[in-house]
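Going by the UniProt record's numbering, the sequence shown opens with residue 1, and the numbers climb by one from there. Beneath this line is the structure, given in structure tokens, with notes to follow.
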Amino acid sequence: MKAIIPTGGMGTRMRPLTFTANKHLIPVANKPLILYPVETVADTGIKEIALTYNPGQLDIIQNFLGDGSQWGVNFTYILQENPRGGLSNIFQVCEKFVDGDSFVMHLGDNIFTGGIKNLADHFRKKKPKGLVGLVHHPENVRLGVPYFDENGKLVKYVEKPENPPHDFAVPGVYFFDNIIYKCFRGKDKIVPSARGEYEISSAYQWLIDHKYDVDTLEIEGAWLDPGKVQDWLEANFYLLDLNTKTKINSEFDKTVKITGRVTIGKNCVITNSHLKGPLNIGDNVNITNSTVGPFTSIYNNCVIIDSTVTESVLMESVIIDKVRKNIENSIIGPNSNISQSNHSEHYSELLVGELSKISL
Numbered sequence: 001m002k003a004i005i006p007t008g009g010m011g012t013r014m015r016p017l018t019f020t021a022n023k024h025l026i027p028v029a030n031k032p033l034i035l036y037p038v039e040t041v042a043d044t045g046i047k048e049i050a051l052t053y054n055p056g057q058l059d060i061i062q063n064f065l066g067d068g069s070q071w072g073v074n075f076t077y078i079l080q081e082n083p084r085g086g087l088s089n090i091f092q093v094c095e096k097f098v099d100g101d102s103f104v105m106h107l108g109d110n111i112f113t114g115g116i117k118n119l120a121d122h123f124r125k126k127k128p129k130g131l132v133g134l135v136h137h138p139e140n141v142r143l144g145v146p147y148f149d150e151n152g153k154l155v156k157y158v159e160k161p162e163n164p165p166h167d168f169a170v171p172g173v174y175f176f177d178n179i180i181y182k183c184f185r186g187k188d189k190i191v192p193s194a195r196g197e198y199e200i201s202s203a204y205q206w207l208i209d210h211k212y213d214v215d216t217l218e219i220e221g222a223w224l225d226p227g228k229v230q231d232w233l234e235a236n237f238y239l240l241d242l243n244t245k246t247k248i249n250s251e252f253d254k255t256v257k258i259t260g261r262v263t264i265g266k267n268c269v270i271t272n273s274h275l276k277g278p279l280n281i282g283d284n285v286n287i288t289n290s291t292v293g294p295f296t297s298i299y300n301n302c303v304i305i306d307s308t309v310t311e312s313v314l315m316e317s318v319i320i321d322k323v324r325k326n327i328e329n330s331i332i333g334p335n336s337n338i339s340q341s342n343h344s345e346h347y348s349e350l351l352v353g354e355l356s357k358i359s360l
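This is how it looks when you write it as structure tokens:
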């Protein structure tokens with residue numbers, strides 16, 4: 001079995017951050033998002049992984065991930081010329097890579113805290129033509145929803161139904177036998193949906209309609225889909241709470257107070273500050289006279305002076321300097337500089353890019 005991890009798409013729901021950065025390289029709990037699916041797939045024992053990318057993005061993704069040897073796998077990079085082509089379009093551009101094998105597609109922006117090994121093991125052992133992972137979700141009306149007969153057998157898969165019969169939803173991991181490529185050919189091939197894309201639901205429905213076995217299996221652990229800013233913050237909170245351990249790799253004096261679980265990277269300089277966990281601080285971070293955390297991740301090379309930062313994500317090389325108001329529930333992009341104005345308390349000086357969001 002092989003794997004496909006898409007790293008393309010437009011990232012429109014994460015703008016303005018994605019104007020200058022690939023969404024999959026933005027950190028969640030101080031780990032770039034793409035590393036979660038890479039590690040999850042590698043944990044199943046799959047060795048061959050295709051990474052699809054947008055035009056102009058190859059160097060960015062390849063320079064970051066390399067050849068896959070770090071995780072004991074081999075990466076093949078495949079261009080997806082049409083980033084708006086939909087998930088099934090990714091199947092098509094990866095057909096040569098799949099080369100007659102079965103495969104799993106794990107979306108590059110989905111996180112499964114319990115992994116997908118139980119699904120991979122089931123698929124290898126039972127050998128259905130398709131396997132649908134299931135999660136419970138209170139808002140499955142905006143997701144793909146499976147429908148079952150009285151015996152619990154999958155009979156239909158519907159995108160965004162008006163009245164779902166239960167709270168199951170289909171997250172971003174899909175297992176297929178190679179026979180799925182028949183759904184793109186012949187008189188009864190699937191057609192694009194109303195939004196002009198080949199849908200994953202159509203591919204599964206083609207298997208069901210042609211009497212092929214399509215199994216379902218509930219996914220272990222939590223499913224996180226940080227596709228929008230608030231979802232990203234919530235994923236950050238969840239993973240910090242789940243994974244943060246007290247691990248301190250820098251030295252500092254008694255003026256620093258630590259409450260809760262805090263991870264601190266190398267070469268950090270921290271003085272006269274209160275660190276509240278869960279909190280993850282990267283390498284080469286300077287914090288002075290500040291309160292940081294809880295539920296906050298600070299990436300490498302950041303500087304925080306005379307400020308309070310909580311429930312936020314700071315990306316690389318952010319400077320927060322003498323800001324009187326607390327910074328909360330925020331995502332701050334790399335190389336940003338936020339400081340208190342020395343001119344007047346009656347106005348603010350802003351340099352704001354397209355689609356930015358500011359609350360003063």
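Yeah, the Cβ is synthetic: ideal placement off N, Cα and C, and Gly gets one too. Note that this is a predicted model, so its numbers are computed, not measured.
Under 8 Å between C-beta atoms of residue i and residue j
| i | j | result |
| --- | --- | --- |
| V262 | L275 | yes |
| E234 | E199 | no |
| I219 | P161 | no |
| I146 | F168 | The sequence shown places Pro at residue 146, not Ile. Their beta carbons are under 8 Å apart, which means P146 touches F168 by this criterion. |
| T308 | N289 | no |
| D177 | S102 | yes |
| L131 | D215 | yes |
| T7 | Y53 | yes |
| K129 | L207 | yes |
| N249 | K266 | yes |
| N30 | S312 | no |
| Y157 | S193 | no |
| I46 | M1 | yes |
| P278 | T244 | yes |
| K127 | D43 | no |
| F237 | F295 | yes |
| L314 | I332 | yes |
For residue i: DSSP bridge partner residues
| i | result |
| --- | --- |
| G66 | Answer by DSSP bridge pairing: none, since G66 is not bridged. |
| Y53 | L79 |
| I264 | I248 and I281 |
| A3 | I49 and V104 |
| G130 | F176 and V214 |
| T288 | T271 and I305 |
| F168 | H136 |
| G144 | E159 and V170 |
| E316 | DSSP output for E316 lists no bridge partner at all. |
| N337 | I319 |
| V28 | K31 |
| L224 | I111 |
| L154 | F148 |
Rounded distance between the beta-carbons of residue j and residue i, thought under 8 Å
| i | j | result |
| --- | --- | --- |
| I60 | N22 | 6 Å |
| V28 | L239 | 6 Å |
| I78 | V93 | 6 Å |
| V155 | D149 | 5 Å |
Best match in the options for proximity to residue i [C-alpha to C-alpha]
| i | options | result |
| --- | --- | --- |
| G293 | K257, E316 and N267 | K257 |
| Y36 | C302, V173, I338 and V309 | V173 |
| I4 | P32, G227 and Q80 | Q80 |
| V41 | G66, Q92 and A120 | A120 |
| A203 | G144, N63, W223 and T246 | G144 |
| E197 | N301, F91, F75 and C268 | F91 |
| I319 | L65, I331, V303 and K127 | V303 |
| D321 | P55, S336, M315 and D99 | S336 |
| T76 | G260, G66 and N82 | G66 |
| I305 | P334, F295 and T291 | T291 |
| E316 | V323, S330, R324 and Y299 | Y299 |
| I179 | T259, N163 and G100 | G100 |
| Y181 | F237, N301, K247 and N89 | N89 |
| P32 | P55, P226, F175 and G133 | P226 |
| V73 | P55, F175, L51 and Q57 | L51 |
| N82 | Q57, Q62 and T246 | Q57 |
| A222 | H166, G133 and D213 | G133 |
| D241 | C268, N280 and L217 | N280 |
| N301 | I264, K247, S341 and V191 | I264 |
| K153 | N163, C183, V191 and D213 | D213 |
| C183 | D283, V323 and K211 | K211 |
| C268 | G282, G260 and T259 | G282 |
| Q205 | V191, L217 and R195 | V191 |
| Q340 | Q70, V104 and R324 | R324 |
Q) Does the count of Cβ pairs from the segment 183-191 and the segment 130-139 closer than 8 Å reach three? A) Contact annotation: the segment 183-191 does not touch the segment 130-139, with fewer than three C-beta pairs closer than 8 Å.
Q. Below 8 Å, can you find three or more Cβ-Cβ pairs linking the segment 101-116 to the segment 24-43?
A. As far as the Cβ criterion goes, the segment 101-116 touches the segment 24-43, which means the pair count is three or higher.
Q. On the three-pair Cβ rule with 8 Å, is the segment 238-256 touching the segment 266-274?
A. The segment 238-256 is in contact with the segment 266-274.
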